[in-house]
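**Student:** Heads up, the sequence shown is in my numbering, so the first residue is 1 and it goes up one at a time.
In this text, a Cβ means the ideal position worked out from N, Cα and C, and glycines have one as well.
It should be emphasised that the depicted structure is a prediction, and the values quoted were computed from it without experimental measurement.
Dropping the structure in here first, questions after.
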Amino acid sequence: MGDDMLNSPLSTPFLDPALDASNSMESDMSFFGPYDPADTSTDMFNLFTSPQHEHVVTHVPALTLPERCIDSFYNHFHAAHPFVFPKESLLMISHESSVMPVLAVMRWIGSLHIPACSERGRFFQEAHQLIYEPRRRKDGFLVQALLLLLIGLDGQGQQDQARQILSGLERISVDIGLNTRSYATTYGRGIPMMEESWRRTWWELFIVGGLIAGVHRSTNFLLFDVASDVALPCEEYEYLSGDIPEPMYLRDMNESDFSGTSQEFSSFAYRIQATQNLGRLLRIPPVSGPDDESLRNIQTMLTSWRVSLPKSKADALRQYGHFDEMLFQAHMITHATSILLHQPYSQLNSILSQSNNQTDQYDSVSSRDDFNNHTKNIIQAATEISKLVTHRVSLLSHSHFFSYVVTMSSIIHLNRWAIFTPDTENNLRQVLRLNIGALSRMSLVWSASERESSSVKSMARSIYQVKKQRRVLPQFWISMTHDEAMDRIAADDAMIHEFEDMQVVPGMMGHWTDPGNKQWN
1 MGDDMLNSPL STPFLDPALD ASNSMESDMS FFGPYDPADT STDMFNLFTS PQHEHVVTHV
61 PALTLPERCI DSFYNHFHAA HPFVFPKESL LMISHESSVM PVLAVMRWIG SLHIPACSER
121 GRFFQEAHQL IYEPRRRKDG FLVQALLLLL IGLDGQGQQD QARQILSGLE RISVDIGLNT
181 RSYATTYGRG IPMMEESWRR TWWELFIVGG LIAGVHRSTN FLLFDVASDV ALPCEEYEYL
241 SGDIPEPMYL RDMNESDFSG TSQEFSSFAY RIQATQNLGR LLRIPPVSGP DDESLRNIQT
301 MLTSWRVSLP KSKADALRQY GHFDEMLFQA HMITHATSIL LHQPYSQLNS ILSQSNNQTD
361 QYDSVSSRDD FNNHTKNIIQ AATEISKLVT HRVSLLSHSH FFSYVVTMSS IIHLNRWAIF
421 TPDTENNLRQ VLRLNIGALS RMSLVWSASE RESSSVKSMA RSIYQVKKQR RVLPQFWISM
481 THDEAMDRIA ADDAMIHEFE DMQVVPGMMG HWTDPGNKQW N
């Protein structure tokens, strides 16, 4: 089994993302320090299993850096991808060798949320070393470690490495039977929380595979075609408390719409359903045109998903102000799917694809009423994505995949700016400010978000330059008074200058939770 692991594509070395010069968190040379296997300061076995003294403690000792990283992981990352054990339960089994790679990757991911963390590179090297030990056993814990690693690498802009890991990880998960109902009971040790963790691990891998296929368009969502009878995850509060109910299944969910019952499922389950709809879109055969029946069928599924949500799941902000990250992502995935579905047939093809004398298309669209249904759908989806930014929770608590979806939304908004209908200028400025601000904020942790922010700003600059060139054409001044034309020019100038001036600072849409620990919130 160890030899298989060595010979698999997973064992191919890949770069430490800390070596990426574009990393937005720091340029600290300690990033590049070699891993010293003799250093036991980050040994999670010793850290969490050392005997406790009986005498009265007169002060609370400061957390070590590895402990802070574990806390940081749970404070900032776990809710967005909640498949590893809750903290206290995981630490109870931290002495097991199979769990150590999971803890090592958790420390690395947690360190991403600690500005200028001096040991980040070493944490990554330790995680890589533990995962790729020659005799490492293929089991659910290895799947969890690799899944965390690929999410972190993708968030740091290392998409090729993440894709490589995903390819091997999909095979491993099927080889060990993680996609079967029996895996959770066979390897759950009779512990309901562990059984739930295995179910969540399978479905999280399914969702991440779908997201990578959807936003990067460089993989084919392999697990969409893999048969699975794994039960659905429970609600988050049930998982965190350990009070795991009897699980339900996808067939229960699919049949509930026709049974006449008002059965409610977990937010994680609706997130799975949203990903299934994305997979169905990625599997449709070549279409004949904008009126193809396959497109209508996918749109029907998206609409059905929305209208079938229980009233309590209509919004990510739940009763008593509790924020539901799983439902947030479910809506995020659905809006992204809508854009992928309708964009090819919309009228919002970038102005950059048009030559300077091709103005007929843009002149003919003078208001939203002139847009076709595909265009209206992507505008609505892009607007809803921007609304997700406004939830009063830390943007850094969301999955980094949100930054890719915000970029999709921004491209739609920028294309609206390219054709500039008079009734949209103020609204466009607001939503673009929201989107670029969100990307800038998320870039404090995720290098991929920094790249997405730069890409959106670059597109805005390119559109602005083309719009400036069109000002000298006679067509620009047709149907406008001089004052109207000057107002439009002034609005364009103000828009681009505002984008260029936007930069993230501590306190913008978040703050350090503790000036001493310097952790982002």
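Please confirm whether Gly140 and Tyr187 have their CB atoms less than 8 Å apart.
**Tutor:** Result yes, Cβ atoms of Gly140 and Tyr187 sit closer than 8 Å.
**Student:** I need the straight-line Cα distance from Ile379 to Pro66, nearest angstrom please.
**Tutor:** Their Cα atoms are separated by approximately 45 Å.
**Student:** Which residues in the same chain as Leu112 place their Cβ atom closer than 6 Å to its Cβ, once the five residues preceding and following it in sequence are excluded?
**Tutor:** Within the same chain, Leu112 has close Cβ partners Val445.
**Student:** For Gln299, report the span of its alpha helix (DSSP H) as first-last.
**Tutor:** From DSSP, the alpha helix (DSSP H) with Gln299 extends over Glu293 to Ser308.
**Student:** Between Val102, Ala162, Met326 and Leu414, which has its C-alpha nearest Tyr266's C-alpha?
**Tutor:** The displayed chain sequence assigns Ser, not Tyr, to residue 266. Checking every option, the nearest Cα to that of Ser266 belongs to Met326.
**Student:** Can you tell me which of Glu204, Glu384 and Gly110 puts its alpha carbon nearest to the alpha carbon of Ala314?
**Tutor:** For the residues Glu204, Glu384 and Gly110, the minimum Cα distance to Ala314 belongs to Glu384.
**Student:** Roughly how many angstroms lie between the CA atoms of Met332 and Gly152, to the nearest whole one?
**Tutor:** In a straight line, the C-alpha of Met332 is about 19 Å away from that of Gly152.
**Student:** For Asp324, which residues of its own chain have a beta-carbon under 6 Å away from its beta-carbon, when the five flanking residues on both sides are left out?
**Tutor:** Once the five neighbours on either side are set aside, the close Cβ partners of Asp324 are Ser267, Ala316 and Arg318.
**Student:** Ala336 to Thr219, Cα distance in whole Å?
**Tutor:** Spanning the two alpha carbons is a distance of roughly 17 Å.
**Student:** Less than 7 Å between C-beta atoms, sequence neighbours within five positions excluded: which residues of the same chain meet that for Arg181?
**Tutor:** Correct list, in chain order: Asp229, Val230 and Ala231.
**Student:** Rounded to whole angstroms, how far is the Cβ of Lys138 from the Cβ of Ile176, which I believe are closer than 8 Å?
**Tutor:** Their Cβ separation, rounded to whole angstroms, is 6 Å, which keeps Lys138 and Ile176 in contact under 8 Å.
**Student:** Tell me which residues share the same chain as Val102 and place their Cβ nearer than 8 Å to its Cβ, disregarding the 5 neighbours each side in the sequence.
**Tutor:** Cβ neighbours of Val102 beyond the five flanking positions: Val84, Leu90, Phe141, Gln144, Ala145 and Leu148.
**Student:** Which residues in the same chain have their Cβ closer than 6 Å to the Cβ of Ser346, if we skip the five residues on either side of it in sequence?
**Tutor:** Here the set comprises His374, Thr375 and Ile378.
**Student:** Using a Cβ-Cβ cut-off of 6 Å (strictly less than) and excluding sequence neighbours within five positions of Phe401, which residues of its own chain qualify?
**Tutor:** If we look at Phe401 and ignore the five residues flanking it on each side, its Cβ neighbours are Leu211.
**Student:** Quick one: is Pro233 near chain B, going by C-beta distance under 8 Å?
**Tutor:** Here chain B cannot be found, since the structure has a single protein chain.
**Student:** Roughly how many whole angstroms lie between the Cα atoms of Ser458 and Ser449?
**Tutor:** Taking the straight line from one Cα to the other gives about 14 Å.
**Student:** Report all residues from its chain with a CB closer than 6 Å to the CB of Ala104; omit the five preceding and five following residues, and keep chain order.
**Tutor:** If we look at Ala104 and ignore the five residues flanking it on each side, its Cβ neighbours are Glu126, Ala127 and Leu130.
**Student:** If distances are taken between C-alpha atoms only, which option among Ile93, Leu295 and Gly155 comes closest to Pro344?
**Tutor:** When each option's Cα is compared against that of Pro344, the closest is Leu295.
**Student:** Can you tell me which of the three DSSP states Phe323 falls into?
**Tutor:** Residue state, collapsed to three classes: strand.
**Student:** Unbroken alpha helix (DSSP H) runs of length 4 or more, entirely within the segment 369 to 423: which are they?
**Tutor:** For the segment 369 to 423, whole alpha helix (DSSP H) runs of length 4 or above, ordered along the chain, are 373 to 389 and 401 to 419.
**Student:** Let's test the definition: count the other Cβ atoms within 10 Å of the Cβ of Leu473 and tell me whether it reaches 16, buried, or not, exposed.
**Tutor:** Result: exposed.
**Student:** In whole angstroms, give me the CA-to-CA distance for Leu278 and Glu484.
**Tutor:** Looking at the two C-alpha atoms, the distance is approximately 43 Å.
**Student:** Taking Lys311 as the reference, give the member of Thr185, Trp477, Gln263 and Cys234 with the closest Cα.
**Tutor:** Among Thr185, Trp477, Gln263 and Cys234, the Cα nearest to that of Lys311 is on Gln263.
**Student:** Can you tell me the Cα-Cα spacing of Leu340 and Gln273, whole angstroms?
**Tutor:** Going by the C-alpha atoms only, they are around 17 Å apart.
**Student:** Looking only at C-alpha atoms, which of Leu439, Leu414 and Glu500 sits nearest to Asn427?
**Tutor:** Selected option, being the one with the closest Cα: Leu414.
**Student:** Which one or two residues does DSSP pair with Leu317 in a beta bridge?
**Tutor:** In the DSSP output, where bridge partners are listed per residue, Leu317 has Phe323.
**Student:** Between which two residues does the alpha helix (DSSP H) containing Cys234 stretch?
**Tutor:** Run containing Cys234: none; DSSP gives neither H nor E here.
**Student:** Could you compute how far the alpha carbon of Gly437 sits from the alpha carbon of Asp243?
**Tutor:** Approximately 39 Å, taken between the alpha carbons.
**Student:** Compute the Euclidean distance between the alpha carbons of Asp443 and His322, then round it to the nearest angstrom.
**Tutor:** Before going further, note that residue 443 is Ser rather than Asp in the sequence given. If you take the alpha carbons of Ser443 and His322, they lie about 25 Å apart.
**Student:** Taking C-alpha atoms, which residue in Ala213, Phe224 and Ile191 lies nearest to Asn179?
**Tutor:** Nearest C-alpha to Asn179: Phe224.
**Student:** In terms of residue numbering, what span does the alpha helix (DSSP H) encompassing Gln475 cover?
**Tutor:** Pro474 to Trp477 is the extent of the alpha helix (DSSP H) around Gln475.
**Student:** Candidates Thr334, Ala494, Ser97 and Ala269: which alpha carbon is nearest Arg135's?
**Tutor:** Comparing Cα-Cα distances from Arg135 to each of Thr334, Ala494, Ser97 and Ala269, the minimum goes to Ser97.
**Student:** So, are the CB atoms of Leu395 and Arg441 less than 8 Å apart?
**Tutor:** Result yes, Cβ atoms of Leu395 and Arg441 sit closer than 8 Å.
**Student:** Express the C-alpha separation of Trp203 and Ser308 in angstroms, rounding to a whole number.
**Tutor:** Cα to Cα, Ser308 sits roughly 21 Å from Trp203.
**Student:** Report buried or exposed for Arg271, applying the criterion of at least 16 other Cβ atoms within 10 angstroms of its Cβ.
**Tutor:** Arg271 is buried by the Cβ-count criterion.
**Student:** When the Cα atoms are used, what is the spatial distance from Arg68 to Gly110?
**Tutor:** Going from the Cα of Arg68 to the Cα of Gly110 covers about 8 Å.
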